[in-house]
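Our numbering puts the first residue of the sequence shown at 8, with every later residue one more than the last.
Read the structure below first, then the notes.
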Amino acid sequence: MTMTDACGYAVTLDDAAARDAWNACVTAFLAHGASTPQHLGATLAACPGFAMGHATMGFFQLLLGRRETVAAARAALARAQAAADAGGADARERLFVAALETALSGRLSAAADQLDALLLRWPRDSLAMKLGHAIRFVLGDAAGMRRSVEAVADAFRDHPHAGYAAGCHAFALEETAAYDAAEARGRAGLALAPDDAWGLHAVAHVYEMTARPDDGVRLLVGATGQWAHCNNFGGHVWWHLALFHLDRGATGPALALYDSKVRETKTDDYRDIANAASLLARLEIEDVAVGARWDELAALASGRVGDGGNVFADLHYLMALNGAGRTAEGARLSERLALRDAAGAGDMAQAAAEAGVPAARGLCAFAAGAHRAAYSQLMQAWRVLPRIGGSHAQRDVFMRLMVEAAMRGGLYDEAEAALGARARNRRGVDPYTARRRDEIAALRMAAGAGQGAGQGAGQGASQRADNAASGASPLHA
8 MTMTDACGYA VTLDDAAARD AWNACVTAFL AHGASTPQHL GATLAACPGF AMGHATMGFF
68 QLLLGRRETV AAARAALARA QAAADAGGAD ARERLFVAAL ETALSGRLSA AADQLDALLL
128 RWPRDSLAMK LGHAIRFVLG DAAGMRRSVE AVADAFRDHP HAGYAAGCHA FALEETAAYD
188 AAEARGRAGL ALAPDDAWGL HAVAHVYEMT ARPDDGVRLL VGATGQWAHC NNFGGHVWWH
248 LALFHLDRGA TGPALALYDS KVRETKTDDY RDIANAASLL ARLEIEDVAV GARWDELAAL
308 ASGRVGDGGN VFADLHYLMA LNGAGRTAEG ARLSERLALR DAAGAGDMAQ AAAEAGVPAA
368 RGLCAFAAGA HRAAYSQLMQ AWRVLPRIGG SHAQRDVFMR LMVEAAMRGG LYDEAEAALG
428 ARARNRRGVD PYTARRRDEI AALRMAAGAG QGAGQGAGQG ASQRADNAAS GASPLHA
């Protein structure tokens with residue numbers, strides 16, 4: 008028996024309650040809702056032979072990017088294939104199973120292409136749209152994200168999930184530097200789906216990329232209820248608020264948000280560790296003492312030294328290990344990236360070889376105080392860094408570390424050139440860039456006064472005391 012889902016397509020379910028749970032699962036996934044796995048579990052409990060449900064579970068596990076979740080994704084694929092063979096899938100649902108199999112072979116881009124091909128036949132399939140978007144995000148394929156969602160834009164004009172599709176479009180527009188269109192699209196989507204945390208966060212990304220931290224604070228402080236339903240993606244939205252505070256020089260609120268929201272729950276999800284590690288690194292660049300906060304992250308990262316499979320995750324594990332002074336483990340992780348992962352097959356192996364290895368070597372050189380070598384390696388990585396996945400905002404920590412390495416190494420021209428390249432990728436000079444340029448000018452002056460570029464570069468031109476100020480509430484606009 009087949010029923011019709013919220014998109015208007017047949018689903019191989021024979022129970023109305025299962026159909027309702029499935030619709031709730033898809034909607035919750037679009038909204039990054041914490042209830043997503045419960046709805047999927049209810050669907051499969053009612054209809055254990057539903058192949059697309061098992062394939063969706065496999066995609067969810069795969070996107071978690073850890074060794075054990077990849078194994079769980081393979082087990083879900085086996086269940087999905089068995090269910091399909093037993094008649095639990097129609098043509099559309101079989102394509103989901105096939106795309107999962109492709110993704111688990113390491114060919115993530117090809118899997119996203121398969122989902123796009125599915126959308127040519129079933130353009131209102133919001134699950135296929137969102138999964139393809141998520142996969143391309145992991146690959147850092149901004150152009151592909153935009154191309155995919157724009158190809159089905161007409162089909163989503165009168166769709167019950169139109170707001171979530173608009174949020175995906177807004178994020179893709181932002182990542183391809185169409186900032187005005189991204190802000191307008193994001194706000195239009197939120198009017199349709201106020202709980203679309205992805206769309207809200209797309210607007211936040213616009214403010215990050217257009218040097219508007221004050222607007223970013225106002226946006227998020229005024230909308231905290233719009234991501235209260237979220238899974239750990241909610242912590243990422245809080246991370247954005249912390250970044251806005253940090254960029255406008257208020258490190259007190261940024262550090263408070265680290266403790267109360269960003270790292271409120273000590274998970275080992277790589278996305279949570281990445282939020283935390285990159286925020287601590289940014290704080291340390293601003294001369295903020297973060298205490299023992301690195302230790303908790305490094306204890307979790309230590310268990311991932313041999314993981315592999317997600318370069319973005321590996322680099323943030325490495326950041327955490329080095330931040331806690333566990334550089335021997337960091338060196339082992341860097342070596343594994345170079346010797347095992349980069350020599351493998353698939354999209355992540357290519358990302359490791361092209362961007363992951365030089366980025367890891369740069370992080371290790373930075374931790375060792377070899378700042379010129381760190382700059383050189385991070386610059387090599389920067390040219391292809393989107394390959395590691397994530398967003399411009401997430402990858403910006405590597406640019407900041409590269410600038411810091413150049414400054415500490417006395418490479419002032421190189422530091423200024425990096426800041427210029429960063430500004431050209433954005434719209435306007437943000438407070439971070441203005442502070443670094445002022446500091447480079449002070450370092451040059453100190454060097455000219457005979458203090459020595461090496462000493463000045465190692466310690467910085469000032470204590471950046473303004474950044475340690477403002478003990479105001481992080482929820483104050």
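Ideal Cβ placement from N, Cα and C applies to all residues, glycine included.
Query	Result
Continuous alpha helix (DSSP H) stretch holding Y265: start and end	Note, Y265: premise wrong, no alpha helix (DSSP H); not H, not E.
CB contact flag (I142, A110, <9 angstroms)	yes
The segment 25 to 32 contacting the segment 91 to 108, beta-carbon criterion three pairs below 8 angstroms	no
Residue closest to V145, alpha-carbon to alpha-carbon, out of S155, L207, A89, L71	L71
Integer-rounded CB distance, given that R443 should sit under 8 angstroms from L426	6 angstroms
Enclosing alpha helix (DSSP H) for I395 [first to last residue]	First-last for I395: undefined, no H or E at that position.
Cβ neighbour criterion (16 or more within 10 Å) applied to M409	buried
DSSP three-state assignment for T11, whether helix, strand or coil	strand
Where A93 falls: helix, strand or coil (DSSP)	coil
Inter-residue CB distance, A288 and A305 (contact presumed, cutoff 8 angstroms)	Not really, about 13 angstroms apart at Cβ, beyond 8 angstroms.
Assumed close pair A38, A230 - CB separation to whole angstroms, cut-off 8 angstroms	Contact flag wrong, Cβ pair sits at about 14 angstroms.
Ordered list of alpha helix (DSSP H) runs contained in the segment 218 to 265, each at least 4 residues	220 to 228, 240 to 254, 258 to 264
Start and end residues, alpha helix (DSSP H) containing C371	364 to 374
Helix, strand or coil at A476 according to DSSP, with G and I counted as helix	Residue confidence is low: A476 scores 35 on pLDDT, short of 50, so the model does not pin down where it sits. Its coordinate-derived value is still stated next. It is coil, neither helix nor strand.
Cut-off 7 angstroms between Cβ atoms - residues of its own chain near L385, not counting five sequence neighbours on either side	A366, G369, F405, L408, M409, A412
Which of helix, strand or coil DSSP assigns to G310	coil
Best match in A17, A335, Y265, V318 for proximity to E303 [C-alpha to C-alpha]	Y265
Cα-Cα separation between T19 and G139, rounded to whole angstroms	22 angstroms
Range of the contiguous alpha helix (DSSP H) that encloses H140	133 to 146
Nearest-angstrom Cα separation, counted from R431 out to G113	34 angstroms
Own chain, CB closer than 8 angstroms to A17, minus 5 neighbours either side, in chain order	T9, M10, T11, D97, R99
From S133, F66, F178, A119, residue whose alpha carbon lies closest to that of T34	S133
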